[in-house]
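Following this note's numbering, the numbering of the sequence shown begins with 610 at its first residue and continues without gaps.
What follows is a set of notes on a single structure, which appears directly below.
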Amino acid sequence: MNDCLEWSARELATRMARRELHAETVVQALAERIAASEPAVQAWQHFDAAQALAQARALDASPARGVLQGLPIGVKDLMDTHDMPTTYGSPIYAGYRPAVDAACVAAARAAGAIVMGKTVTTEFATFQPGPTRNPRAPAGAPRTPGGSSSGSAAAVAAGMVPVAFGTQTAGSIVRPAAYCGIVGYKPTHGTLPLAGVKSLAPSLDTIGALARTVDDAAFFIGALARLPLDAAPAARLRVGICHTPHWARASDDSRRALVDAARAFERHGASIVDVTLPAACNGLNDAQIDIMGYEAAAAFAPELQTSASQFSPAFAAVLAAGQQIDGLRYFNARMLANRMRGAVDALFADVDVILAPSTEGEAPAGLAATGDPVFNRMWSLLGNPCVHLPVGTGAHDMPVGVTLVGPSYQDAQVIAAARALERSLASHS
610 MNDCLEWSAR ELATRMARRE LHAETVVQAL AERIAASEPA VQAWQHFDAA QALAQARALD
670 ASPARGVLQG LPIGVKDLMD THDMPTTYGS PIYAGYRPAV DAACVAAARA AGAIVMGKTV
730 TTEFATFQPG PTRNPRAPAG APRTPGGSSS GSAAAVAAGM VPVAFGTQTA GSIVRPAAYC
790 GIVGYKPTHG TLPLAGVKSL APSLDTIGAL ARTVDDAAFF IGALARLPLD AAPAARLRVG
850 ICHTPHWARA SDDSRRALVD AARAFERHGA SIVDVTLPAA CNGLNDAQID IMGYEAAAAF
910 APELQTSASQ FSPAFAAVLA AGQQIDGLRY FNARMLANRM RGAVDALFAD VDVILAPSTE
970 GEAPAGLAAT GDPVFNRMWS LLGNPCVHLP VGTGAHDMPV GVTLVGPSYQ DAQVIAAARA
1030 LERSLASHS
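Printed below as a string of structure tokens:
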């Protein structure tokens, strides 16, 4: 029965739509895997096997719904679900039951997906960790799964679901994907609607996916966005290596991953060039921090009035810093981002994709912090589509990888390049 769990998301949904495979069979196999792995990983904020199986049986007894027929997914606990508690990673919302699903969750269900449960998020998608452990770390030596999409990344990495929703405001899809050794896809900002997702910074918040493969992520997001993501890569890809303004922060492991990815592209026939960002891009990380803080302070005004005592010190510090940013500083940060979006997208006249670091290195040891999004903030602010791909392992045998960045609104282009890199890496392993 568990053989089906090795199939791609696309194959699973196709076989269930054809009634060659029952959703109940898949959900039962995953429930058994969750029961075996969850005590060590702690990826789920809410999981009820009976509830998941009831969804599967109802789906099996009805006409096929859509392209995601029977696909089991994890839903980040930042997203409202009408039939499961939604806590946003905070004790303030313990037991909270929204009346309706988030728009992206409703779209997934309408397309036939089965919500297996709610995955752990850090507190309000910021920096206070939850209990989740990186499933790639050896027993007795825990490491962070990254954040804020901690549970989604860990659940996929542990084989508990083939795909899960994540969100990214700074680095919350790419970083956990990197630390857990899976694929993370952050689409162009605004690709999926944010309605029913607890807002942190609306001009930055982006819904995406954690998945086992590039195709799994593209299949899932493409179905929800009605976006064709099946383009073939260019006959001769042009890849631009971008060290970013923060290259000094990259470990030997991260630098090696970038070199290995470039060589894999060359084996695929790609041309490799260096890309130099405009000097003003040096200020983009600070601008992202200012915008995130300012918008978060505004978004959490209700909780500041009624429940501030239940914030963690880490989240309270984010809001306090945001309250010190005035509107003029916020506007200046937004204007810098607007100028640099055009300047960075102009670079794609000469390259098809940009290849950049994903993280400083391997997942940090311990569970006290979720790592630094230093290599992700800039791309989140600019809004470009990004795909993280695992490349290998570092000095402690933990995953390391790279980020592919594409032009805004050209998600199919970066997905095609990511597929090419994934194939090249696989053929050389």
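Note that beta-carbon positions come from the ideal geometry of N, C-alpha and C, so glycine has one too.
All of these numbers come straight from a predicted model, not from anything done at the bench.
Based on the DSSP output, what are the partners of residue i in its beta bridges?
{"i": "Pro747", "result": "The partner list for Pro747 (beta bridge, DSSP) is empty, contrary to what the question assumes."}
{"i": "Leu945", "result": "Leu945 pairs with nothing; no bridge assigned."}
{"i": "Asp883", "result": "Ile850"}
{"i": "Phe656", "result": "Gly726"}
{"i": "Ala974", "result": "Arg752"}
{"i": "Lys685", "result": "Thr728"}
{"i": "Pro771", "result": "DSSP, once it has assigned bridges, lists no residue as partnering Pro771."}
{"i": "Pro1008", "result": "Thr1002"}
{"i": "Cys995", "result": "Lys795, Val1014"}
According to DSSP, simplified to helix, strand and coil, what is residue i?
{"i": "Ala711", "result": "coil"}
{"i": "Thr1002", "result": "strand"}
{"i": "Phe828", "result": "helix"}
{"i": "Leu1013", "result": "strand"}
{"i": "Gln777", "result": "strand"}
{"i": "Val806", "result": "strand"}
{"i": "Val823", "result": "helix"}
{"i": "Ala965", "result": "strand"}
{"i": "Val960", "result": "coil"}
{"i": "Ile816", "result": "strand"}
{"i": "Ala859", "result": "coil"}
{"i": "His1037", "result": "helix"}
{"i": "Glu629", "result": "coil"}
{"i": "Met901", "result": "helix"}
{"i": "Met693", "result": "coil"}
{"i": "Ser646", "result": "helix"}
{"i": "Arg1028", "result": "helix"}
{"i": "Phe920", "result": "coil"}
{"i": "Gly936", "result": "helix"}
{"i": "Ser989", "result": "helix"}
{"i": "Phe874", "result": "helix"}
{"i": "Asp669", "result": "helix"}
{"i": "Gly739", "result": "coil"}
{"i": "Arg674", "result": "coil"}
If you drop the 5 nearest sequence neighbours on each side, which residues of the same chain put their C-beta closer than 6 Å to that of residue i?
{"i": "Ile934", "result": "Asp899, Gly902, Tyr903"}
{"i": "Ala746", "result": "Arg752"}
{"i": "Ser1033", "result": "Ala873, Arg876, His877"}
{"i": "Val1023", "result": "Val962, Pro994, Val996, Leu1013, Gly1015"}
{"i": "Thr815", "result": "Gln777, Lys795, His798"}
{"i": "Leu614", "result": "Ala638"}
{"i": "Ala972", "result": "Asn743, Arg752, Thr753, Tyr788, Met1007"}
{"i": "Met693", "result": "His655, Lys727"}
{"i": "Met625", "result": "Ala632, Gln678, Gly679"}
Is any non-hydrogen atom of the ligand MG found closer than 7 Å to the C-beta of residue i, if you look at the structure I gave you?
{"i": "His1037", "result": "Looking for the ligand MG in the displayed structure turns up nothing, as the structure carries no ligands at all."}
Considering only their Cβ atoms, is the gap separating residue j from residue i smaller than 8 Å?
{"i": "Pro802", "j": "Ala873", "result": "no"}
{"i": "Met949", "j": "Pro887", "result": "yes"}
{"i": "Ala722", "j": "Ile682", "result": "yes"}
{"i": "Pro796", "j": "Gly780", "result": "no"}
{"i": "Ala1029", "j": "Cys851", "result": "no"}
{"i": "Ala773", "j": "Ser761", "result": "yes"}
{"i": "Gly768", "j": "Asp657", "result": "no"}
{"i": "Arg847", "j": "Ser812", "result": "no"}
{"i": "Gly1041", "j": "Ser967", "result": "Any question about residue 1041 goes unanswered here, given that the chain covers just 610 to 1038."}
{"i": "Ser1011", "j": "Gly970", "result": "Here residue 1011 turns out to be Val, not Ser, going by the sequence shown. Not a contact, by the Cβ cut-off of 8 Å."}
{"i": "Pro842", "j": "Ala1026", "result": "yes"}
{"i": "Leu990", "j": "Ala896", "result": "yes"}
{"i": "Leu833", "j": "Ala946", "result": "no"}
{"i": "Ala618", "j": "Phe828", "result": "yes"}
{"i": "Val927", "j": "Thr696", "result": "no"}
{"i": "Ala640", "j": "Arg674", "result": "no"}
{"i": "Val884", "j": "Gly849", "result": "yes"}
{"i": "Val652", "j": "Ala826", "result": "For the record, residue 652 in the displayed sequence is Ala; it is not Val. Not in contact: Ala652 and Ala826 (Cβ atoms no closer than 8 Å)."}
{"i": "His855", "j": "Val1000", "result": "no"}
{"i": "Gly704", "j": "Val635", "result": "no"}
{"i": "Ala786", "j": "Leu838", "result": "no"}
{"i": "Gly936", "j": "Ala906", "result": "no"}
{"i": "Ala840", "j": "Ala1021", "result": "yes"}
What residues in its chain sit with their C-beta under 7 Å from that of residue i, if we drop five residues either side in the sequence?
{"i": "Glu633", "result": "Leu662, Ala665, Arg666, Asp669"}
{"i": "Ala766", "result": "Pro744, Arg745, Cys789, Gly790, Ile791"}
{"i": "Tyr939", "result": "Asp899, Ile900, Tyr903"}
{"i": "Thr690", "result": "Val684, Pro707, Asp710, Val714, Val724, Lys727"}
{"i": "Ala859", "result": "Pro966, Glu969"}
{"i": "Asn985", "result": "Ala779, Gly780, Val783, Arg784"}
{"i": "His1037", "result": "Ala873, Arg876"}
{"i": "Asp612", "result": "none"}
{"i": "Ala870", "result": "Leu964, Val1000, Val1011, Leu1030"}
With a CB to CB cut of under 8 Å and the five nearest residues on each side skipped, what residues in its chain are close to residue i?
{"i": "Pro738", "result": "Thr731, Thr753, Gly756, Ser759, Leu976, Ala977, Ala978, Thr979"}
{"i": "Asp686", "result": "Gln654, His655, Thr695, Thr696, Tyr697, Gly698, Lys727, Thr728, Val729, Thr730, Gly760"}
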